[in-house]
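There are 2 protein chains.
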Amino acid sequence: MNNLTIENKLWLQKDGQFYLGKGRVELLQAIVEHGSISAAARSMQMSYKKAWTAIDEMNSISDEPLVVRKTGGSAGGGTFVTEAGKKAISLYERINIRCIAFLDEEMKSAQ
Amino acid sequence: MNNLTIENKLWLQKDGQFYLGKGRVELLQAIVEHGSISAAARSMQMSYKKAWTAIDEMNSISDEPLVVRKTGGSAGGGTFVTEAGKKAISLYERINIRCIAFLDEEMKSAQ
DNA sequence: TACCGTTATTCCCTGCGAGATATAACGAAA
DNA sequence: TTTCGTTATATCTCGCAGGGAATAACGGTA
Numbered sequence: 321m322n323n324l325t326i327e328n329k330l331w332l333q334k335d336g337q338f339y340l341g342k343g344r345v346e347l348l349q350a351i352v353e354h355g356s357i358s359a360a361a362r363s364m365q366m367s368y369k370k371a372w373t374a375i376d377e378m379n380s381i382s383d384e385p386l387v388v389r390k391t392g393g394s395a396g397g398g399t400f401v402t403e404a405g406k407k408a409i410s411l412y413e414r415i416n417i418r419c420i421a422f423l424d425e426e427m428k429s430a431q
Numbered sequence: 321m322n323n324l325t326i327e328n329k330l331w332l333q334k335d336g337q338f339y340l341g342k343g344r345v346e347l348l349q350a351i352v353e354h355g356s357i358s359a360a361a362r363s364m365q366m367s368y369k370k371a372w373t374a375i376d377e378m379n380s381i382s383d384e385p386l387v388v389r390k391t392g393g394s395a396g397g398g399t400f401v402t403e404a405g406k407k408a409i410s411l412y413e414r415i416n417i418r419c420i421a422f423l424d425e426e427m428k429s430a431q
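So the sequences go chain by chain: A and B. Quick note, this note's numbering runs 320 ahead of the 1-based positions in the first sequence. Quick note, this note's numbering runs 320 ahead of the 1-based positions in the second sequence.
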């Protein structure tokens with residue numbers, strides 16, 4: 321019974337629809353950092369299509385958009401995370417960190 | 321930002337290998353109840369193959385077997401959950417229940 | 001020895017997700 | 001009006017996990 325660890329995966333749902341998980345939070349953070357979907361996707365070895373699909377889905381599920389997308393222009397366009405998006409990121413991260421700490425405690429006292 | 325719920329998925333790992341999750345715990349419980357892999361699989365609309373594969377894998381990862389399988393005999397054989405298996409079930413369930421309660425509290429205080 | 005229901009194992013097939021590719025649309029700046 | 005890098009979107013293919021079916025092995029019991 322040794323070397324036993326507990327893993328967890330958290331995600332937020334809106335009306336039962338998958339909304340925001342670990343991968344999407346990382347994607348949003350990369351967009352904050354890089355200012356575009358394509359640069360963010362490149363930075364994390366994700367295909368543009370996958371990134372775009374994820375963003376389109378979470379944007380349409382949320383009441384307020386999490387990112388604003390601009391097409392065209394001298395820089396070609398860009399994508400920016402809204403305040404609602406940043407709030408969602410920090411909500412997820414705070415709960416996730418606290419949940420991991422909680423589970424560590426549980427496992428310690430369980431064995 | 322309403323109708324927002326948090327979902328979580330827990331599983332146990334042994335040396336980094338997936339070991340026991342929600343579905344496998346339910347399968348073990350069905351085996352306790354029915355006394356055979358095939359009856360347990362039937363009772364939860366799972367294919368025998370999937371059930372057998374899951375059991376074979378978790379049994380081989382664990383130090384002590386979680387189930388004992390008997391082949392042949394008048395009843396054709398059967399499968400029985402060991403004490404170690406029952407302990408694993410209750411460990412998972414206790415942590416899972418407590419984790420759900422923890423997350424509910426977190427979500428309440430977050431909004 | 002014949003039977004029976006279970007465990008054990010192999011093979012085929014198919015649906016789905018992910019990736020790759022290609023191309024259009026866009027619009028500010030020069 | 002040309003350029004450029006981005007967003008947007010449609011196919012197409014390929015791999016593979018998972019299901020279904022088929023079959024062998026097993027060993028009490030009658």
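A virtual CB, placed ideally from N, CA and C, is assigned to each residue, including glycine.
Check, Outcome
"With DSSP as the reference, please indicate the residues paired to W331 (chain B) in a beta bridge.", "A:E327, B:G341"
"Under 8 Å: does the beta carbon of R389 (chain A) sit that close to some heavy atom of the ligand HEM?", "The ligand HEM is not part of the structure shown, which contains no ligands of any sort."
"For chain A, check one thing: does any of its Cβ atoms lie closer than 9 Å to the Cβ of D424 (chain B)?", "no"
"Contact defined as beta carbons within less than 8 Å: I believe M378 (chain B) pairs with L340 (chain B). What is the distance between those atoms, to the nearest angstrom?", "6 Å"
"Are R389 (chain A) and I375 (chain A) touching if we call contact CB-CB under 9 Å?", "yes"
"So which of A:L411, A:E327, A:Q337, A:Q333 has the shortest CA-CA distance to D335 (chain B)?", "A:E327"
"Could one say the Cβ of E327 (chain A) lies closer than 9 Å to chain B's Cβ atoms, at least one of them?", "yes"
"Using the beta-carbon count (16 or more within 10 Å), is S356 (chain A) buried or exposed?", "buried"
"Three-state secondary structure (DSSP) at T391 (chain A)?", "strand"
"Hey, I381 (chain B) and Q337 (chain B): beta-carbon distance below 9 Å or not?", "yes"
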